[in-house]
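Chemist: Quick note on this note's numbering: the sequence shown kicks off at 1246 and runs consecutively.
Following this message is one structure expressed as C-alpha cells.
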Amino acid sequence: MTIETTNRMDATFQRLKAEGRAALIPFLTVGDPDQETTLAIIAEMEAAGADVLELGVPYSDPLADGPVIQRASERALRGRVNLRTCMETALKARQAGSKLPFILFTYYNPVLQMGLEPFFAELAAHEISGLIIPDLPVEESEEMRRRSREAGIGLVPLVAPTSHERIERIVKDASGFIYCVSSLGVTGERSSFFEGVEDFIASVRRSTDLPVAIGFGISSKEQVARFAGICDGVVVGSAIVRKVEEVIPLLEQPENRAAGLLQIREFVSQLRP
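Take a look at the structure:
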C-alpha cells in the first residue's frame, strides 16, 4: 500500500490556476447503489473530466443534505456502507488507476466513533486528500485542524452567506480550499441563488489565499459556467446523485449497465467549465 506523499488536491488547484480554469468537483454518495458500481462511476467521472471528487459517507441523519442525497444515503446504508467502506473504495479506485484527488465528506459522529488518531491514519493510508465535516463548527475544530495539518490532509471549511464577521475566523487556519455555500438551507438543485452571492464570494476571496469553491444547489452547465468565472472550483452534488438514481434500473441489469454508466459520464461531461 502506498501513502500519498504530496497532496493531490493542492497540486490540482495549482495546475488549474496555471491553466486559467476552475475545477469541476462532483459529489458522489459511496455505495449508491453498491460499492462495485461506485467504483465504476468514479472511473466514468474521471473520464468525463472531473478534477476533484467528493466522496460522501452515507449517514442516517444528514443535516446538510436535501432529499436526493438522503435517499442515496438510505440505499447505501441498506448495503452496510460505512466510513471505513468509503475509505476502502477510495483506495480501490486509486489501485484501479484513478488519479483524482478524493475529498471525504462525512459528519462528525462516524469520525468520533472511529477515534481521531486511527481516523487520520486511515485517511493517509487510503490516499484521501481532503476532508469536509459540515457539522463541525470552527469553534470546536481546533484538534481536527491540528491533526489535519500534521497528516497533510486538507480540512475544508464551509462558509455560509450568514457567516459575516465569522468569515475571517473560519478561513484563518483552513487548508485545501474554502467551500462557499451558495444558498441557505440544505443541498439540492436550485434555479436561482440568493441575491448578493457574487459579493459574498468576493468577501471570502479577500480573506484567504486558498482556492475558493462554491456548491449547494448548482445543477446545470449554465450555473457551473457562471460560478467558474469567479471561483476556483464548482461543486455539483444533488444533480449528479439524482442522475445516478435515475439510471439505477439500468445499472442493475448486466445488459444495460454500460448504457447507464454512459449516461452518468455524459451528464458530468457537459457540466465541465
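C-beta: ideal position from N, C-alpha, C; glycine also.
This structure is a prediction, so every number in the text was calculated from the model and none was measured.
Where does the unbroken beta strand (DSSP E) through Val1275 begin, and where does it stop?
Modeler: Position 30 of the sequence shown holds residue 1275. It is not in any beta strand (DSSP E) - Val1275 carries neither H nor E in the DSSP assignment.
Chemist: In this structure, how does DSSP classify Tyr1353 when only helix, strand and coil are distinguished?
Modeler: In the sequence shown, the residue the question calls residue 1353 occupies position 108. DSSP places Tyr1353 in helix when its eight states are reduced to three.
Chemist: Using a Cβ-Cβ cutoff of less than 7 Å, which residues in the same chain neighbour Asn1252 once the five nearest sequence positions on both sides are dropped?
Modeler: Numbered from its first residue, the sequence shown carries residue 1252 at position 7. Result list for Asn1252: Ser1374, Gly1397 and Gly1399, in chain order.
Chemist: State yes or no: is the C-beta of Glu1486 within less than 9 Å of the C-beta of Ile1314?
Modeler: Counting from 1 along the sequence shown, the entry for residue 1486 is found at position 241. Counting from 1 along the sequence shown, the entry for residue 1314 is found at position 69. Checking the displayed sequence, the identity of residue 1486 turns out to be Val instead of Glu. Contact: yes.
Chemist: Between Ala1267, Asp1454 and Ala1256, which has its C-alpha nearest Val1469's C-alpha?
Modeler: As a working note, residue 1469 is residue 224 in the sequence shown. The shortest Cα separation from Val1469 among Ala1267, Asp1454 and Ala1256 belongs to Ala1267.
Chemist: Out of Asp1454, Pro1278 and Glu1440, point me to the one whose CA is closest to Asp1418's CA.
Modeler: Translated into the one-based positions of the sequence shown, residue 1418 becomes position 173. Nearest of Asp1454, Pro1278 and Glu1440 to Asp1418, Cα basis: Asp1454.
Chemist: Please return the same chain residues whose Cβ sits closer than 6 Å to the Cβ of Leu1349, not counting the five positions on each side in sequence.
Modeler: Residue numbering aside, residue 1349 sits at position 104 when the sequence shown is read from its first letter. Excluding positions up to five away in sequence, the list reads Leu1300, Ile1373 and Leu1376.
Chemist: The alpha helix (DSSP H) with Leu1336 in it runs from where to where?
Modeler: In the sequence shown, counting from the first residue as 1, residue 1336 sits at position 91. Taken as a continuous stretch (DSSP letters only), the alpha helix (DSSP H) holding Leu1336 covers Leu1328 to Gln1340.
Chemist: Suppose only complete runs of 4+ residues qualify. What are the alpha helix (DSSP H) ranges in the segment 1435–1516, listed by chain order?
Modeler: Listed in chain order, the complete alpha helix (DSSP H) runs (minimum 4 residues) inside the segment 1435–1516 are 1442–1451, 1466–1473, 1483–1496 and 1502–1516.
Chemist: Tell me which same chain residues have a C-beta within less than 6 Å of the C-beta of Val1426, skipping the five on either side of it?
Modeler: As a working note, residue 1426 is residue 181 in the sequence shown. Closer than 6 Å at Cβ, skipping near neighbours: Leu1403, Ala1405 and Phe1461.
Chemist: Quickly, what does DSSP pair Val1302 with across the bridge? List them, please.
Modeler: Within the sequence shown, residue 1302 is the residue found at index 57, counting from 1. Val1302 pairs with nothing; no bridge assigned.
Chemist: Using a Cβ-Cβ cutoff of less than 6 Å, which residues in the same chain neighbour Arg1517 once the five nearest sequence positions on both sides are dropped?
Modeler: For this step, residue 1517 is matched to residue 272 along the sequence shown. Taken in chain order, the residues that qualify are Leu1269 and Gly1294.
Chemist: Whole angstroms is fine: what's the gap from Phe1258's alpha carbon to Thr1330's?
Modeler: Translated into positions along the sequence shown, residue 1258 becomes position 13. Translated into positions along the sequence shown, residue 1330 becomes position 85. Straight-line Cα distance between these residues: approximately 27 Å.
Chemist: What is the DSSP secondary structure of Leu1579, reduced to helix, strand or coil?
Modeler: Here the chain comprises residues numbered 1246 to 1518, so residue 1579 is not present and cannot be evaluated.
Chemist: Using only the alpha-carbon positions, how far apart do Ile1493 and Gly1505 sit?
Modeler: On the sequence shown, residue 1493 is found 248 positions in, with the first residue counted as 1. On the sequence shown, residue 1505 is found 260 positions in, with the first residue counted as 1. Going from the Cα of Ile1493 to the Cα of Gly1505 covers about 7 Å.
Chemist: Grab the span of the beta strand (DSSP E) containing Leu1376 for me, first residue to last.
Modeler: Against the sequence shown, residue 1376 aligns to sequence position 131. Residues Gly1375 to Ile1377.
Chemist: How do the segment 1385–1393 and the segment 1358–1371 stand: do at least 3 beta-carbon pairs fall below 8 Å, yes or no?
Modeler: Yes, they touch.
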